[in-house]
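*Asks:* In our numbering, the protein residues as written are 6 to 340.
Even for Gly, the Cβ is constructed at its ideal location relative to N, Cα and C.
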C-alpha cells in the first residue's frame with residue numbers, strides 16, 4: 006500500500022494526520038496525484054458514497070459593503086465595475102428557491118453583502134425563508150448575511166434557516182493581510198453563535214491569497230475545531246480592481262491536493278468545491294469530486310460559474326448521483 010493509502014486508513018480508523026503528513030500531501034509530487042486522489046476518495050466514499058450535494062447562491066444584495074476584504078469585488082476598497090443594488094424583495098428571493106428546486110438543488114443559499122443585516126434586511130430574509138419553507142419543506146436553506154447581532158440567529162432559526170455560512174476565509178495568522186475591518190475572532194464568534202442556536206454551521210476558506218502551506222493546514226484544522234458541518238473551499242479568482250488583482254499562485258494540481266488535505270482532516274464533513282473552481286481547476290474539475298462531495302451550481306456572487314449542463318454531465322460521466330437528502334437538523338441541534 007502506498008503512503009497515501011496508509012493516510013486514508015489512519016483517517017478511517019479515527020486518527021488525525023500529523024502536521025508533517027498534512028504538509029506531505031500539499032508537497033506531494035505531481036506524479037503522485039492519482040494515488041493521492043484515490044486515497045482521499047476512499048475516505049469520501051466511506052462517508053458519502055458517490056453522492057454529490059448541489060448548492061445554489063442568490064446574491065440578494067450586491068456591493069455597498071463597508072468592509073475592506075482584499076479579495077472581494079463588493080468591498081469599499083474595490084474598484085471593480087460590478088452591479089450594485091440594495092436587498093431584493095421577498096418575491097425575488099422566493100422565486101430563486103423555485104429555480105433551485107427545478108434544478109434538483111438541495112441547498113439554497115441566501116447571500117447578502119455588508120458587515121451584517123439591518124433589522125429591515127433581517128425581516129425580509131425571515132419572511133422569505135418562511136415562505137420558502139412553506140413551499141419547499143425539504144429544501145435546505147442556508148443564510149450568509151455577515152456578522153450577526155444578538156437575537157438575530159434566534160430569528161433565523163425560528164424562520165426555518167437550516168444552515169448559516171460565515172467563512173473564516175484564511176488563517177488567523179494571515180487574516181490582517183486580507184482585511185482589517187473585522188477580526189478573525191469576529192468570524193469565529195458568528196459561526197459559534199449560529200451553532201449555539203441549533204443552526205448547522207458552514208464555514209470555509211479562500212485558497213491562493215498569498216498564504217503559506219502552514220496556513221492552509223491551520224485553516225483545515227481550525228474548521229475541524231469549529232466543527233463546521235459544511236466547508237466551502239474557494240480558490241481565489243483575482244478580480245481586477247481589488248487589492249489582490251493579478252494574484253495567480255495556483256495550478257489545478259495544487260488545488261486538488263488542497264481538497265485531499267481538507268478531506269483527510271475533516272473526513273465526515275461536506276467539502277464543497279466553491280468559487281474559482283472553473284478558472285483554477287480548469288480541465289481537472291472532474292477530479293475534484295473524488296475528495297469533495299459538494300459543488301455550487303450556477304453563478305457566484307460577482308463571477309460566472311460553469312454552464313449548468315457541464316456540471317450535470319460531469320456528474321453523470323463520473324457515475325455520481327445528486328444527493329437530495331434533506332439536512333439532518335436534529336444532528337445540527339446536537340452541536
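Could you give the distance in angstroms between the alpha-carbon of residue 140 and the alpha-carbon of residue 9?
*Replies:* The residue given as residue 140 occupies position 135 in the chain shown. The residue given as residue 9 occupies position 4 in the chain shown. The straight-line gap from Cα to Cα measures roughly 46 Å.
*Asks:* Extract the residue ranges of the beta strand (DSSP E) inside the region 256 to 321, only unbroken runs of 3 or more that lie entirely within it.
*Replies:* Taking only runs of at least 3 residues, the beta strand (DSSP E) segments lying wholly in the region 256 to 321 are 275 to 278 and 299 to 301.
*Asks:* For residue 32, I'd like the list of residues in its chain whose CB is within less than 6 Å of its CB, leaving aside the five on either flank, ordered along the chain.
*Replies:* If you number the chain shown from 1, residue 32 lands on position 27. The answer is none, since no qualifying residue turns up.
*Asks:* Under the three-state reduction of DSSP, which class applies to residue 168: helix, strand or coil?
*Replies:* Here residue 168 corresponds to residue number 163 of the chain shown, with the count starting at 1. Looking at residue 168 - three-state DSSP - the assignment turns out to be strand.
*Asks:* Taking DSSP as the reference, what is the three-state secondary structure of residue 214?
*Replies:* Against the chain shown, residue 214 aligns to sequence position 209. Residue state, collapsed to three classes: coil.
*Asks:* Classify residue 125: buried if its beta carbon has 16 or more other beta carbons within 10 angstroms, exposed otherwise.
*Replies:* In the chain shown, counting from the first residue as 1, residue 125 sits at position 120. Exposed: under 16 other Cβ atoms inside 10 Å.
*Asks:* Does the contact criterion of 3 or more C-beta pairs under 8 Å hold for the region 133 to 148 versus the region 182 to 197?
*Replies:* Cβ pair count under 8 Å is below three, so no.
*Asks:* Given this structure, state the Cα-to-Cα distance separating residue 242 from residue 281, to the nearest angstrom.
*Replies:* If you number the chain shown from 1, residue 242 lands on position 237. If you number the chain shown from 1, residue 281 lands on position 276. Taking the straight line joining both Cα atoms gives about 5 Å.
*Asks:* Going by the CB atoms, is the gap between residue 276 and residue 238 shorter than 8 Å?
*Replies:* As a working mapping, residue 238 is identified with position 233 in the chain shown. As a working mapping, residue 276 is identified with position 271 in the chain shown. Yes; because the gap between Cβ atoms is below 8 Å, this pair is in contact.
*Asks:* What does the alpha-carbon distance come out to for the pair residue 252 and residue 213?
*Replies:* Here residue 252 is taken as the residue at index 247 of the chain shown, counted from 1. Here residue 213 is taken as the residue at index 208 of the chain shown, counted from 1. Roughly 8 Å separates the two Cα atoms.
*Asks:* If residue 261 and residue 42 are in contact, beta carbons under 8 Å, what's the gap, nearest whole angstrom?
*Replies:* As a working mapping, residue 261 is identified with position 256 in the chain shown. As a working mapping, residue 42 is identified with position 37 in the chain shown. Confirmed, Cβ separation roughly 6 Å.
*Asks:* Taking DSSP's pairing of strands, which residues face residue 73 in a bridge?
*Replies:* The sequence position of residue 73 within the chain shown is 68, counting from 1. Beta-bridge pairing links residue 73 to no other residue.
*Asks:* Among 194, 79, 200 and 191, which one has its Cα closest to the Cα of residue 147?
*Replies:* Numbered from 1 along the chain shown, position 142 holds the residue referred to as residue 147. When only C-alpha atoms are compared, the closest one is 200.
*Asks:* On the premise that residue 118 lies in contact with residue 75, defined as a C-beta separation below 8 Å, what is that separation, rounded to the nearest angstrom?
*Replies:* Taking the chain shown and counting its residues from 1, one reaches residue 75 at position 70. Taking the chain shown and counting its residues from 1, one reaches residue 118 at position 113. In fact, because the Cβ distance is near 15 Å, the residues do not count as touching under 8 Å.
*Asks:* Look at the Cβ atom of residue 329, then the Cβ atom of residue 111, and state whether they are nearer than 8 Å.
*Replies:* To locate residue 329, count along the chain shown from 1; it is residue 324. To locate residue 111, count along the chain shown from 1; it is residue 106. Yes, Cβ-Cβ distance for residue 329 and residue 111 is below 8 Å.
*Asks:* Take every Cβ of the region 21 to 29, pair it with every Cβ of the region 56 to 67, and state whether three or more of those distances are shorter than 8 Å.
*Replies:* Touching, no.
*Asks:* Exposed or buried, what is residue 80 when buried is set at 16 or more other beta-carbons lying within 10 Å of its beta-carbon?
*Replies:* Working through the chain shown from its first residue, we reach residue 80 at position 75. The residue is buried, with at least 16 neighbouring Cβ atoms inside 10 Å.
*Asks:* Determine the extent of the alpha helix (DSSP H) in which residue 325 is found, giving its start and end residues.
*Replies:* By 1-based counting over the chain shown, the position of residue 325 is 320. Looking at the DSSP string, residue 325 is not in any alpha helix (DSSP H), and its letter there is neither H nor E.
*Asks:* Helix, strand or coil for residue 57 per DSSP?
*Replies:* Here residue 57 corresponds to residue number 52 of the chain shown, with the count starting at 1. It is a strand residue.
*Asks:* Name the DSSP beta bridge partners of residue 148, please?
*Replies:* Working through the chain shown from its first residue, we reach residue 148 at position 143. Looking at the DSSP assignment, residue 148 forms a beta bridge with 115 and 169.
*Asks:* For residue 114 versus residue 169, is the C-beta distance shorter than 8 Å?
*Replies:* Mapped onto the chain shown, residue 114 falls at position 109. Mapped onto the chain shown, residue 169 falls at position 164. Cβ atoms of residue 114 and residue 169: not closer than 8 Å.
*Asks:* Based on Cα-Cα distance, which residue from 250, 235, 315 and 266 lies nearest to residue 223?
*Replies:* Position 218 of the chain shown holds residue 223. When each option's Cα is compared against that of residue 223, the closest is 266.
*Asks:* Return the chain-ordered list of same chain residues with a C-beta closer than 7 Å to the C-beta of residue 298, the five sequence neighbours on each side being excluded.
*Replies:* As a working note, residue 298 is residue 293 in the chain shown. The answer, listed in chain order, is 49, 53, 56, 57, 58, 275 and 276.
*Asks:* Answer with yes or no whether the minimum CB distance from residue 148 to chain D is below 8 Å.
*Replies:* Structure shown: chain D not included; a single protein chain is present.
*Asks:* Between residue 295 and residue 234, what straight-line distance do the alpha-carbon atoms span, to the nearest angstrom?
*Replies:* Within the chain shown, numbered from 1, the residue matching residue 295 stands at position 290. Within the chain shown, numbered from 1, the residue matching residue 234 stands at position 229. C-alpha separation (whole angstroms): 19 Å.
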